[in-house]
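Line by line, the protein sequences give chains A and B. Here our numbering is used: the first residue of the first sequence is 7, the next is one more, and so on. Here our numbering is used: the first residue of the second sequence is 11, the next is one more, and so on. No residue lacks a Cβ here, since even glycine has one placed at the ideal position from N, Cα and C.
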Amino acid sequence: MTTEDFAKSMGYYKHVSLFWTDLLALMSSRQQSILSTGPFRKLGVNAKQVGSEMIEINQELVEFNARLSEYYKQLADTWNEAQKQFNKKVPEIPTDTEHLDSTKRIWIDIFENYFTRLFDSPEFAENFGKVVSSELELAKRWNNIMSLVLEAGNMPTKKEVDELYKELHMLRKRVAKLEKIANVGGNGNGKRT
Amino acid sequence: MLEGMGMESELRVDPRILEEFLQMNRNILDAPKLVAAPDEISLGMTPYDVVYSEGKMRLLHFSSDKPRQVRTPLLIAYALINRYHILDIHPQKSWVRNLLDQGIDVYLIDWGTPTALDKYLGFDDYVNIYMDNCVDFISNEAGVDKVSLQGYCTGGTLATVYSALHSEKVRNLVLTAPVIDGSKDSTVVANLAKHIDVDKMVEVIGNMPPEFMYYVFSILKPFEQGLEKYVQFFKNIHNKEYVENFIRVEKWLSDTPPVPGELFREWVKNIYQDNLLIRNKMNVSGKTINLREISMPVFTQVAVGDHLVSPECSMPIHYAVSTEDKTLRIYATGHVGMIASSFSQKRILPELGQWIKERSEK
C-alpha cells in the first residue's frame, strides 16, 4: 500500500467514525439531556467528544509509529554500518586476553564514533523532535479525554488547575516584589532559617 | 580423548580469558557484600546550615574550622540539572571544601525539586527574586555590599543574567562551563534542543520531566557510559576507593529534578533556538540583557572534553563582557572532571581561590 493509499484509507476511516459518532450523538441527544441534570451530569453530553478524541488518537498513533520506526531504522542502520567497519578492522576475533581487550576497545571506539555522529546529525535531531512531538500529541488527546471524565465527575480539570497555578504564581510574584520594595532587600521575602 | 569428542576448538581459547570470565562472575556475586547500595549512602560531605529558603529554593551556608581570609563571601549558583552534591561529593574531591580551606566563606543555592505548582517559574523568578534575595541576605549577614558569584553549567547562565541585571551587587563573577552561545554548542544536547517543540512540551506536560534528561544523558556516550563503565566497576570491585567514588557519582547522576516549564521554555528558546543571550537580545521581565553591563572581574572556566556544554558555547562570554579584568582558562578535562576530580583539586581550585582572594574585600 502506498503512502497516498494509506492516507486515503485513514481519511475514510476517520470520516466514517466521525459520521457515526455524530449521528449517534444527534439521535440520542434527548436522552442525554436528562442525564445532564443527574449525578452523571455531562457524561452523556461529553460522550461524543470522547469518541472524537479517540478517533484523533488513532491518527496520532499512525504518525507516532511512523516516527518511531524511523528512529529505530536510524539506530539499526548505524549499528550495521559500525559493525561493518569493525569487521573490516578486526576480521578475526582474537582468543588471547591482551588482544581481546584491545579488540573490545576498538569495538567501543568504532560504535561510539558512529553513534555520536548519528546523534549529532540534524536528521536524527529532526526525527527525534517529531517523535517527541507526536508523543505529546497523544498525551494531549489523553489529557483531553481525562478532562472530559473529570468534568463529568464535577472535578477540576487540568486546565482549571493550571489557571489556578498561574494565578498563584502571579500572586506570589507580586507579593515577593512588594515585600522587596518594603524591605529594601530580600530578607523579608523568604524564611530565615 | 577430548579431540575425539570434537572439543578441539574450545581448547584453543586462552585459559586466561576463561579465568577472567570466572573472576568477573565472582566479582558480580561479591558486589553486594562489598559495596553499599546507592540508596544506603547520603551524598554531601561538608556540614552546612540552611540559612534562608523561599519556595523550594534553599540557601546553604557551609561550615569550616579554617580562618576566613577575605570578607567577601562566595555564592555558588548550582545548575538546574542534577543536584549540588557533585560540588561536595567526596572529601578529597570537594569543590566546596577546597574553597573553605582556602579561607573563602561559601554559600550555595539548592534549587530544590519543583512541582506542578512551580510550572510558571521563569528566568525572572530565578534571577530577580531567588538569586537576588540570596545575594541580599548574604550581604546583610556578612556586612558587605557585594558578593562573589559563581555559576556552574546552567547555573552559569543564571549567574551571567544576574550579573548583567544587578552588576552593582557582584564583586567577582566566576563562570564554570556556562551555557551562553547555543548556536556554537556542538553537543548532542544542543542538537536535540534545537529541534524540540518546547511550547507544546510545556503546554502538555508542564515541567520538563527528569526522564527526558536521562534520555539525553544516555545517548551522550552510549557504549562507554552504558556498558564499559559497569564492566570496569565490577572489574574493580575490590578497589574500595574506586567503587565508593563510582557509587556516589552514579547516585548523583541518577537524581535530577524536573525543570519548571516556563524556565525550560525560555531556556531552550533564548539560548538554543533563537540564541538571544549572546546577541544581547534576551528579555527578562521587560529588561533586555546586555552582557556589556558585566563590568566586574570575570573568570571563565571551560573544559576541552566537555560533552554537555562545549567550550565554543561557553567561551563567547569572555569576549562579550565589558570588563578588562577577565581571565579565560581552558582545562584538559570534562564537564564533571572540572569540578569533582583530583585534577580540579590540584590545578583548577588553587588558581581560582587565588583569583577570588586577590579581588575580594580583606
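- Message: Under DSSP, the beta strand (DSSP E) around histidine 71 (chain B) begins and ends at which residues?
- Response: Taking the second sequence and counting its residues from 1, one reaches residue 71 (chain B) at position 61. Unbroken beta strand (DSSP E) run through histidine 71 (chain B): 67-72.
- Task: List the residues of chain A that lysine 392 (chain B) touches, going by C-beta distances under 9 Å, in chain order.
- Result: Any answer about residue 392 (chain B) is impossible in this case: the structure gives chain B only from 11 up to 372.
- Using DSSP with H/G/I as helix, E/B as strand and the rest coil, what is glutamate 98 (chain A)? Here residue 98 (chain A) refers to the residue found at position 92 of the first sequence. DSSP places glutamate 98 (chain A) in the coil class of the three-state scheme, outside both helix and strand.
- Chain-ordered neighbours of leucine 142 (chain A) on chain B, where CB pairs are closer than 9 Å: Taking the first residue of the first sequence as 1, we reach residue 142 (chain A) at position 136. Ordered by position in chain B, the residues that pass the 9 Å Cβ test against leucine 142 (chain A) are Asp207, Lys210, Met211, Glu213, Val214, Ile215.
- Chain-ordered neighbours of leucine 174 (chain A) on chain B, where CB pairs are closer than 8 Å: As a first step, residue 174 (chain A) is located in the first sequence; it is residue number 168 there, counting from the start. In chain order: Leu127.
- Taking arginine 26 (chain B) as the reference, give the member of A:Glu104, A:Asn93, A:Ala72, A:Leu29 with the closest Cα. Translated into the one-based positions of the second sequence, residue 26 (chain B) becomes position 16. Ranking A:Glu104, A:Asn93, A:Ala72, A:Leu29 by CA distance to the CA of arginine 26 (chain B) puts A:Glu104 first.
- Sorry if obvious, but does the Cβ on isoleucine 61 (chain A) come closer than 7 Å to a heavy atom of the ligand NAP? Judged by which ligands are present, the structure shown has none, so any question about the ligand NAP falls away.
- Entirely enclosed alpha helix (DSSP H) segments - the stretch 258-307 of chain B, minimum 4 residues: 271-277
- Compare the Cα-Cα distances from glutamate 213 (chain B) to each of A:Lys146, A:Asn64, A:Ser58 and report the closest residue. Looking up residue 213 (chain B) in the second sequence gives position 203. Of the listed residues, the one whose Cα sits closest to glutamate 213 (chain B) is A:Lys146.
- Message: Assuming isoleucine 229 (chain B) is part of the beta strand (DSSP E), what are its boundary residues?
- Response: The count along the second sequence starts at 1 and reaches residue 229 (chain B) at position 219. Isoleucine 229 (chain B) -> no beta strand (DSSP E), and no H or E assigned at all.
- Message: Going by C-alpha to C-alpha distance, which of B:Phe274, B:Leu301, B:Arg36 sits closest to aspartate 135 (chain B)?
- Response: As a first step, residue 135 (chain B) is located in the second sequence; it is residue number 125 there, counting from the start. Cα-wise, what sits closest to aspartate 135 (chain B) is B:Phe274.
- Task: For isoleucine 229 (chain B), return the contacting residues in chain A, with the cut-off set at a CB-CB distance below 7 Å.
- Result: Walking along the second sequence from the start, residue 229 (chain B) turns up at place 219. Phe125, listed in chain order.
- Query: Can you list, in chain order, the residues of its chain whose CB lies under 7 Å from that of lysine 279 (chain B), leaving out five sequence neighbours each side?
  - Reply: On the second sequence, position 269 is the one that residue 279 (chain B) refers to. Excluding sequence neighbours, lysine 279 (chain B) sits near Val208.
- Message: Here's the rule I'm using: 16 or more other beta-carbon atoms within 10 Å means buried, otherwise exposed. How should tyrosine 282 (chain B) be labelled?
- Response: Counted from its first residue, the second sequence places residue 282 (chain B) at position 272. So tyrosine 282 (chain B) counts as buried.
- Taking Cβ positions only, does methionine 15 (chain B) come closer than 8 Å to chain A? Working through the second sequence from its first residue, we reach residue 15 (chain B) at position 5. For methionine 15 (chain B), the predicted structure reports a pLDDT of 49, less than 50, and the residue's modelled location is therefore unreliable. The matter cannot be settled from this model.
- Item | Proximity test, Cβ basis, 8 Å: asparagine 195 (chain A) and chain B | For the purposes of this step, residue 195 (chain A) is taken as residue 189 along the first sequence, with counting starting at 1. Note that asparagine 195 (chain A) scores 49 on pLDDT, short of 50, meaning its location in the model is unreliable and no value can be drawn from it.
- Sequence ranges, alpha helix (DSSP H) only - wholly within the stretch 113-194 of chain B, length at least 4: 142-152, 164-175
- Just by C-beta distance, which residues in the stretch 130-142 of chain B are closer than 9 Å to chain A? Tyr130, Leu131, Asp134, Asp135, Asn138, Ile139, Tyr140, Asp142
- Item | Limits of the unbroken beta strand (DSSP E) element including lysine 336 (chain B) | For the purposes of this step, residue 336 (chain B) is taken as residue 326 along the second sequence, with counting starting at 1. Under the DSSP assignment, lysine 336 (chain B) falls in the beta strand (DSSP E) whose first and last residues are 336-341.
- Query: Quick one: what does DSSP say methionine 176 (chain A) is sitting in, helix, strand or coil?
  - Reply: Here residue 176 (chain A) is taken as the residue at index 170 of the first sequence, counted from 1. Methionine 176 (chain A) falls in the helix class under three-state DSSP.
- Query: Taking one C-beta from the stretch 169-177 of chain A and one from the stretch 239-248 of chain B each time, how about it: are there three or more such pairs within less than 8 Å?
  - Reply: no
- With DSSP run on the structure shown, which of helix, strand or coil describes serine 370 (chain B)? Stepping through the second sequence from its first residue, residue 370 (chain B) is reached at position 360. Note: serine 370 (chain B) maps to coil in three-state DSSP.
- Query: Would serine 139 (chain A) count as contacting chain B if we go by Cβ distances under 8 Å?
  - Reply: Against the first sequence, residue 139 (chain A) aligns to sequence position 133. Yes, serine 139 (chain A) lies at the interface with chain B (some Cβ there is under 8 Å from its Cβ).
- Task: Within its chain, find whatever has a CB closer than 7 Å to the CB of glycine 16 (chain B); leave out the 5 residues flanking it on each side and keep chain order.
- Result: Translated into the one-based positions of the second sequence, residue 16 (chain B) becomes position 6. Low per-residue confidence applies at glycine 16 (chain B): pLDDT is 47, beneath 50, and the placement is therefore not dependable enough to give any value.
- Message: Output needed for serine 228 (chain B): all residues of its chain with C-beta closer than 7 Å, excluding positions within five of it in sequence on either side, in chain order.
- Response: Position 218 of the second sequence, counted from the first residue, corresponds to residue 228 (chain B). Result list for serine 228 (chain B): Gly236, in chain order.
- Message: Would you call the stretch 345-356 of chain B in contact with the stretch 177-188 of chain B, where contact means no fewer than 3 C-beta pairs closer than 8 Å?
- Response: yes
- Message: Helix, strand or coil for asparagine 193 (chain A)? Go by DSSP, reduced to three states.
- Response: By 1-based counting over the first sequence, the position of residue 193 (chain A) is 187. Low confidence applies here, because asparagine 193 (chain A) scores a pLDDT of 49, under 50, leaving its location unreliable; read the following figure in that light. It is coil, neither helix nor strand.
- Message: Give me, in chain order, the residues of the same chain whose beta-carbon lies closer than 8 Å to that of serine 149 (chain B); leave out the 5 immediate sequence neighbours on both sides.
- Response: Position 139 of the second sequence, counted from the start, is the residue given in the question as residue 149 (chain B). Taken in chain order, the residues that qualify are Asp155, Lys156, Val157, Lys179.
- From the DSSP output, which residues share a beta bridge with leucine 85 (chain B)? In the second sequence, the residue the question calls residue 85 (chain B) occupies position 75. Leucine 85 (chain B) pairs with B:Tyr117, B:Leu159.
- Could you give the distance in angstroms between the alpha-carbon of asparagine 108 (chain B) and the alpha-carbon of serine 324 (chain B)? As a working mapping, residue 108 (chain B) is identified with position 98 in the second sequence. As a working mapping, residue 324 (chain B) is identified with position 314 in the second sequence. Asparagine 108 (chain B) and serine 324 (chain B): Cα-Cα distance of roughly 24 Å.
- In the DSSP assignment, what residue or residues form a beta bridge with phenylalanine 309 (chain B)? Sequence index remark: in the second sequence, residue 309 (chain B) carries index 299 (1-based). Within the DSSP bridge table, the entry for phenylalanine 309 (chain B) names B:Val184, B:Thr337 as partners.
- Using a C-beta to C-beta distance shorter than 7 Å, which residues of chain A count as neighbours of glutamate 234 (chain B)? Against the second sequence, residue 234 (chain B) aligns to sequence position 224. Within chain A, the residues near glutamate 234 (chain B) are Ile114, Glu118.
- valine 61 (chain B) - containing beta strand (DSSP E), residue span: Counting from 1 along the second sequence, the entry for residue 61 (chain B) is found at position 51. Looking at the DSSP string, the run of the beta strand (DSSP E) that includes valine 61 (chain B) is 58-64.
- Among all the DSSP beta bridges, which residues are the ones paired with alanine 218 (chain B)? Residue 218 (chain B) sits at position 208 when you count from the first residue of the second sequence. In the sequence on display, residue 218 (chain B) carries methionine and not alanine. Beta-bridge pairing links methionine 218 (chain B) to B:Val269.
- Query: Out of curiosity, what's the CA-to-CA distance linking isoleucine 139 (chain B) and arginine 180 (chain A)?
  - Reply: As a first step, residue 139 (chain B) must be located in the second sequence, where it is residue number 129. As a first step, residue 180 (chain A) must be located in the first sequence, where it is residue number 174. Cα to Cα, the separation comes out at about 11 Å.
- What first and last residue would you give for the alpha helix (DSSP H) that runs through methionine 34 (chain B)? For the purposes of this step, residue 34 (chain B) is taken as residue 24 along the second sequence, with counting starting at 1. Counting along the chain, the alpha helix (DSSP H) containing methionine 34 (chain B) begins and ends at 25-44.
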